[in-house]
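Read top to bottom, the protein sequences are chains A and B. Whatever position you read off the first sequence (first residue = 1), add 7 for our numbering. Whatever position you read off the second sequence (first residue = 1), add 8 for our numbering. Glycine included, each C-beta is placed from N, C-alpha and C at the ideal position. Computed from a predicted structure; not experimentally measured.
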Amino acid sequence: MKMKGIRKYGLIILTLLYFQAYCQEKEDSKKSKTEENTFKIIIKAKQKESLFKHNKVKYLIKLVNNYNEQQDGYIIVEVKTDRGKSILGTRYDVSIPPKTTYYLKPKFNLKDPGFYDLWVTAELTSYDDTIRNVFGFKPKEIKTSPHKPADFNDFWATALKELSTVNPAYSVKLDSAQTTSSHKVYLVTMKSLGGVVVHGWLTVPKVWGFYPVLVGLPGYKVVLKPLYGDDFITFQFNIRASKAKGDPIQDKEWDYTLFNIDNKDNYIYRGAYMDCIRAIDFLCNNKDLGIDTSRIAVSGGSQGGALAFVTAGLDHRVKACIADNPIYCDMHNLIEISERRVPIEWPINRYKEYLHQSPHYSMKTILNTMDYYDPQNFTPMIQCPVLLGLGLLDKLAPPATIFAAYNKLSDDVKRNSETYSFFHLAHEVTTRHRKFQNQWLLEKLVFTK
Amino acid sequence: MRRLYLSILFLFFVVGNCFAGWPVGKGRSVIGVGYNLYYGTKSFDDSWHLKDPKDPSDFFRSNYFSVYLAHGISRRLDLVANASYQYQQARQAGVIKERNDFGDAMAGLAYSIENNDFTRYLTFQLSGIFPLYTNPNNKLQMGYGSRGIDFSINYSINPKYLKNDGYLMYQLGYRKYFDGAGPQQLIGDATIAFIIKRFHQLLFNIEGVGSFSTNTSSSINPKEVYNYNTFKFTATYGRKVRRTIVLYGSAFYTFTGRNALQGMGLGANMIIKLP
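Put into structure tokens, the structure is as follows:
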């Protein structure tokens with residue numbers, strides 16, 4: 008009788024477990040695919056995140072032969088600098104029987120900190136391919152010249168002073184179309200440098216409380232929309248160059264990265280950087296919306312990552328900074344790296360087109376301006392923790408340029424900061440990292456008061 | 009009760025749509041306060057049959073106040089502790105007894121590991137049990153009055169087929185009281201949670217307890233029974249009312265058992281996360 012009762016109700020729990028297992032299996036079975044008649048090369052660094060801290064660089068290369076025939080030929084493993092110079096290489100002659108896996112374990116000794124390409128070329132009976140992998144060698148020891156102009160600090164002090172003279176004329180309007188049962192959404196407009204009107208979406212949970220604020224900063228040509236967060240108020244802010252109604256720049260085809268690039272005082276990012284400061288001004292002047300002004304974080308990817316670095320550097324009301332794949336970092340090296348790649352990546356290709364059309368200017372003209380806007384010259388001023396995410400295959404924002412900027416953070420800041428590298432990604436970060444950002448942010452904003 | 013807190017703790021962050029918040033998070037804290045009313049008159053006998061009390065006026069009632077604390081030592085390691093204060097009344101064979109005193113306290117560590125995209129967590133918890141009372145003769149027992157140890161494994165999953173971040177949670181625990189007659193207990197439970205609306209949720213839990221001891225005596229006071237089995241069903245509704253506060257209301261019912269009171273009751277809990 009005893010056992011009968013246990014069995015009966017234990018069965019209910021088992022049924023729940025079975026239900027979950029069944030659903031999981033169903034999901035997994037969808038993913039499984041036949042891998043007949045394929046050849047796979049799996050490259051794995053013998054170091055977390057493909058970032059090596061010691062002289063020995065070790066890889067495990069798995070050659071999976073799913074063909075029904077033997078694969079004969081060779082594999083070349085080559086190490087190149089991020090400027091494309093071949094520095095090491097090994098050739099392996101292989102004969103891989105059908106349906107078997109073959110392992111290669113290349114090792115390299117390196118000296119100079121930096122990022123390197125690992126090229127694996129396969130020439131086999133039924134398969135040929137070339138695969139690029141990237142690894143870092145002592146990335147936190149990468150040191151580059153900041154090319155910081157002597158009047159850099161004065162330049163930005165003047166800009167901030169100029170911004171302070173502009174009446175912000177904040178306007179906060181409830182957007183009923185985007186407001187939900189759980190969140191209020193406000194369209195916020197304000198005047199920034201030069202009287203340019205910029206806007207953002209402030210999303211406030213309806214559940215009462217003083218909330219930390221996460222300021223989202225836009226990628227290049229990206230127009231941010233409201234973001235519904237539960238633990239934060241979010242302020243999705245669009246800088247002046249965003250393609251939004253009312254913005255001064257409306258030409259969809261035009262790269263605003265070139266706008267007044269020949270003149271540091273009028274370059275578009277002077278205003279754009281100040282727009283971000285104005286966004287922080289707005290938050291600090293509107294506590295009554297439930298904003299905890301002592302807990303403001305900035306976050307962005309690509310251009311947004313660069314803006315996050317700059318905003319955190321110029322404005323110490325920012326208490327945490329999240330940057331993913333920030334562009335425009337270490338411009339001198341970025342140009343060198345990009346120029347040696349085919350095709351040349353944005354923005355360098357646009358600079359070249361511009362110089363072609365304006366032969367009286369040179370790359371030096373552009374660099375003279377960009378030295379004032381390079382995020383690596385703002386990172387030494389950052390006083391809050393930084394969370395950096397980067398894809399090692401990124402060609403728009405090569406990892407060496409990002410670490411060049413990150414490494415210029417002060418030692419105190421670096422102690423509270425973290426980097427996460429994704430060897431299999433280019434200009435993006437993983438979903439896990441996005442979720443981790445929430446955890447990191449909540450953790451870092453604990454101690455801001 | 010501890011498991012309810014665990015559920016609540018997890019739920020709190022689900023409500024916040026932030027799985028990264030489970031466990032508590034480095035440097036963060038969660039404080040819970042709760043009240044449970046537990047009442048029973050009928051009992052299950054040794055053959056799992058529900059029996060009326062010998063005297064129709066027999067009953068057991070407990071007003072249970074509890075405090076729970078979890079503090080994130082690191083991203084994966086939490087310090088957890090709870091304590092309770094109870095007011096109990098029992099009438100058996102025409103004799104009414106009542107007593108108010110502290111109950112057992114528990115303190116320990118919980119270590120969690122998560123899967124790659126923060127949708128599954130496995131948590132190991134090891135706690136010590138410390139009685140904050142003594143059990144004089146002729147007074148109602150507040151518990152077993154013995155130190156003990158509790159180990160549990162909790163597996164939580166946020167499957168796609170449960171919409172809006174609903175989740176499943178399974179827990180298996182072993183508890184050992186060090187006193188000679190102190191029971192060894194196996195505790196298993198399963199929870200399914202539905203997010204019915206942002207900031208609102210509903211969860212259902214089944215908990216089974218097997219308590220084993222050489223002491224096979226019976227009593228209307230569950231704290232005086234060492235050898236028993238119970239299966240309990242709990243339904244809980246939770247709602248986030250402030251950025252840092254979630255309120256929960258629950259109802260529970262012991263639907264079968266052996267040598268145990270058929271308890272039922274209501275609970276109200278408030279969880280505060282800091283900051």
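Per-residue burial, residue i [other beta carbons within 10 Å of its own, 16 or more giving buried]
i	result
A:I240	buried
B:G29	The predicted position of B:G29 is uncertain, since its pLDDT is 33 and thus under 50; no value can be drawn from it.
B:T142	exposed
B:A198	buried
A:E360	exposed
A:N273	exposed
B:N229	buried
B:E122	buried
A:L399	buried
A:N174	exposed
A:H363	exposed
A:K408	According to the sequence shown, residue 408 of chain A is Thr rather than Lys. By the neighbour-count rule (16 or more Cβ atoms within 10 Å), A:T408 is buried.
CB contact flag (residue i, residue j, <9 Å)
i	j	result
B:S37	B:L282	yes
A:G143	A:S428	yes
B:D173	B:N166	yes
B:L274	B:G246	no
A:W215	B:R206	no
A:Y110	A:N72	no
A:L394	A:I342	no
A:P212	A:R302	no
A:Y380	A:Y276	yes
A:A129	A:G80	yes
A:T426	A:G396	yes
B:G196	B:Q179	yes
A:I49	A:Q78	no
A:T165	A:D269	no
A:I82	A:G121	no
A:V204	A:T210	no
A:F430	A:P382	no
A:Q243	A:K232	yes
B:F68	B:L269	yes
Per-residue contacts from residue i into chain B (C-beta, under 7 Å)
i	result
A:G216	R250, R251 and T252
A:Q243	Going along chain B, no residue has its Cβ under 7 Å from A:Q243, so there is no contact; the nearest lies around 17 Å.
A:Q78	Residues of chain B passing the Cβ test: none, with the nearest at roughly 32 Å.
A:Q364	In chain order: nothing, as chain B lies at least about 47 Å away.
Identity of the residue in the options nearest residue i by Cα
i	options	result
B:Q94	B:R107, B:R83, B:I200 and B:D86	B:R107
A:D161	A:D419, A:L290, A:L321 and A:A433	A:L321
A:L24	B:L58, B:I214 and B:A113	B:I214
B:I5	B:L176, B:R206 and B:F138	An answer regarding residue 5 of chain B cannot be provided, because it is not within the stretch 9 to 283 covered by chain B.
B:G40	B:I157, B:F68 and B:H79	B:H79
B:Y152	B:F138, B:L180 and B:S120	B:F138
A:D378	A:Y335, A:Y358 and A:P405	A:Y335
B:D302	B:S221, B:I203, B:I204 and B:L140	There is simply no residue 302 of chain B to check, as chain B begins at 9 and stops at 283 in what is shown.
A:K60	A:N116, A:T45 and A:V229	A:N116
B:M150	B:K231, B:L269, B:I279 and B:W56	B:K231
A:I246	A:Y235, A:D237, A:V230 and A:K106	A:V230
B:N124	A:F46, A:K442 and A:N62	A:K442
B:D7	B:I279, B:V103, B:S219 and B:I253	One cannot answer for residue 7 of chain B here, as it falls past the ends of chain B, which runs 9 to 283.
B:L211	B:F241, B:A189 and B:N237	B:F241
A:I389	A:R324, A:F244, A:Y74 and A:F159	A:R324
B:G136	B:F126, B:N277 and B:V88	B:V88
A:T318	A:L18, A:S57, A:P406 and A:P387	A:P387
Chain A residues whose Cβ lies nearer than 9 Å to that of residue i
i	result
B:P139	Under the 9 Å cutoff, chain A gives no residues; its nearest Cβ is about 29 Å from B:P139.
Chain-ordered neighbours of residue i on chain A, where CB pairs are closer than 7 Å
i	result
B:Y169	C30
B:F126	R439 and K442
Per-residue contacts from residue i into chain B (C-beta, under 9 Å)
i	result
A:S189	K205, R206 and F207
Proximal chain B residues relative to residue i, where beta-carbon distance stays under 8 Å
i	result
A:Q185	Those within 8 Å of A:Q185 in chain B number zero; the least Cβ separation is about 15 Å.
A:Q310	Those within 8 Å of A:Q310 in chain B number zero; the least Cβ separation is about 25 Å.
- Decide if the stretch 91 to 102 of chain A is in contact with the stretch 134 to 148 of chain A; the criterion is three or more beta carbon pairs, one per stretch, under 8 Å apart. Taking one beta carbon from each stretch, the stretch 91 to 102 of chain A and the stretch 134 to 148 of chain A have fewer than 3 pairs nearer than 8 Å; the two do not touch.
contact_flag[the stretch 311 to 331 of chain A, the stretch 349 to 364 of chain A] where n(CB pairs < 8 Å) is 3 or more: Because the criterion of three Cβ pairs below 8 Å is not met, the stretch 311 to 331 of chain A and the stretch 349 to 364 of chain A do not touch.
(Q) Would the stretch 196 to 216 of chain A count as touching the stretch 274 to 283 of chain A if we require 3 or more Cβ pairs under 8 Å? (A) Judged by Cβ distances under 8 Å, the stretch 196 to 216 of chain A makes contact with the stretch 274 to 283 of chain A, as three or more pairs qualify.
- Please determine if the stretch 97 to 112 of chain B and the stretch 405 to 416 of chain A are in contact, where contact requires at least 3 C-beta pairs separated by less than 8 Å. They do not touch, by the three-pair rule.
* Asked: Looking at C-beta atoms only, is the number of pairs between the stretch 66 to 86 of chain A and the stretch 111 to 131 of chain A that lie closer than 8 Å three or more?
  -> Result yes; three or more Cβ-Cβ pairs closer than 8 Å.
Meets three-Cβ-pair contact criterion under 8 Å: the stretch 301 to 313 of chain A and the stretch 216 to 234 of chain A: Three or more pairs of CB atoms, one per stretch, sit closer than 8 Å, so the stretch 301 to 313 of chain A contacts the stretch 216 to 234 of chain A.
If you pair each beta-carbon of the stretch 72 to 90 of chain B with each one of the stretch 110 to 121 of chain B, do three or more pairs fall below 8 Å?
Enough Cβ pairs lie closer than 8 Å, so yes.
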